[in-house]
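Participant: Residue numbers (this note's numbering): 421 to 706. Sending over a structure as structure tokens; questions will come in a sec.
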């Protein structure tokens, strides 16, 4: 988010400011500690960023989180497994390492960045932490909810149909326990939806993001200019998602400069890439 941009609404800016104040412990006078103003709910359609970089499998980069944020990405992805009560970040279970937990790689560094005023990203809204659950949906989400609750001052909170914006919004993908999330009066994450959720009236505070496998939607390989029929399919995806005020992400999209510029021009929201520096150079040159 570029602070001062006109993208977020005043309500969202106020909600994010309240979260930053809680993290920094700001007070009105030296030596005094005043409780922060209670957060105000925001419109859910303003919560997530638009038309910006999504760091696919971010944890596989040399500097997880830092590489993406230093290039102003608005979204980072972490795959997790529940192993002996710990939420470990890895693409495959055999790659898990007790030293690489969701807390150590993401939640704690994000908390420190916010305290230091160093959480800047493009796209407006709240930074997306996309958590892709690889282990059992129910048991992993139950453990994840308890962990996220310990970072309530950092994360967007969803309570009784209202959205209280935090600097970071967790979105659950992969093996999703939708029923459990729908039943909660309070949660610290939203749900990553699928195209079949469009047109169902699913609450926007539950599903602010819709994701699709690129190869199930389009056959374009990103090498030559996008054919007219493929461009229309892409435009229809963007329109149908935006008509419901949700954001759109594709996974597995071609990682080429032509793909990136085409998706940026189409207004697709979280643009998937493994080439953080390459995408950032293209995006920031526009």
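Ideal Cβ placement from N, Cα and C applies to all residues, glycine included. Note that the structure is predicted; figures quoted are calculated from it, not measured.
When DSSP labels each residue in this structure, what does residue 613 get in the three-state scheme?
Facilitator: Residue 613 sits at position 193 when you count from the first residue of the chain shown. Residue 613: strand per DSSP, three-state reduction.
Participant: Could you tell me the distance, in whole angstroms, from the CA atom of residue 611 to the CA atom of residue 664?
Facilitator: Locating residue 611 in the chain shown gives position 191, counting from the first residue. Locating residue 664 in the chain shown gives position 244, counting from the first residue. Their backbone Cα atoms lie some 15 Å apart in a straight line.
Participant: How should residue 447 be labelled, buried or exposed, when 16 other C-beta atoms within 10 angstroms of its C-beta is the threshold for buried?
Facilitator: Residue mapping note: residue 447 aligns to position 27 of the chain shown, counting from 1. Its pLDDT being 47, under 50, residue 447 is placed unreliably by the model, and the measurement read from it follows with that caveat. Result: exposed.
Participant: Quick check on DSSP: helix, strand or coil for residue 468?
Facilitator: Here residue 468 corresponds to residue number 48 of the chain shown, with the count starting at 1. Of the three classes helix, strand and coil, the one that applies to residue 468 here is coil, per DSSP.
Participant: For residue 567, which of helix, strand or coil comes out of DSSP?
Facilitator: For this step, residue 567 is matched to residue 147 along the chain shown. Three-state result, residue 567: helix.
Participant: On a Cα-Cα basis, can you pick out the residue from 454, 655, 533, 672 that is closest to residue 641?
Facilitator: As a working mapping, residue 641 is identified with position 221 in the chain shown. Closest option to residue 641, Cα to Cα, is 672.
Participant: Which of the three DSSP states, helix, strand or coil, is assigned to residue 699?
Facilitator: Here the question's residue 699 lines up with position 279 in the chain shown. The DSSP-derived three-state label of residue 699 is helix.
Participant: Measuring straight from C-alpha to C-alpha, what distance separates residue 545 and residue 628?
Facilitator: As a first step, residue 545 is located in the chain shown; it is residue number 125 there, counting from the start. As a first step, residue 628 is located in the chain shown; it is residue number 208 there, counting from the start. Those two C-alpha atoms are separated by around 12 Å.
Participant: Pull up the CB-CB distance for residue 688 and residue 658, whole angstroms please, since I reckon it's below 8 Å.
Facilitator: Position 268 of the chain shown, counted from the first residue, corresponds to residue 688. Position 238 of the chain shown, counted from the first residue, corresponds to residue 658. That belief holds up - the Cβ atoms of residue 688 and residue 658 are roughly 6 Å apart, short of 8 Å.
Participant: Per the contact definition of three or more C-beta pairs closer than 8 Å, is the region 569–578 in contact with the region 475–485?
Facilitator: no
Participant: Please report the distance separating the alpha-carbon of residue 607 from that of residue 579.
Facilitator: Counting from one through the chain shown, the residue named residue 607 turns up at place 187. Counting from one through the chain shown, the residue named residue 579 turns up at place 159. Near 7 Å, if we compare the C-alpha coordinates of residue 579 and residue 607.
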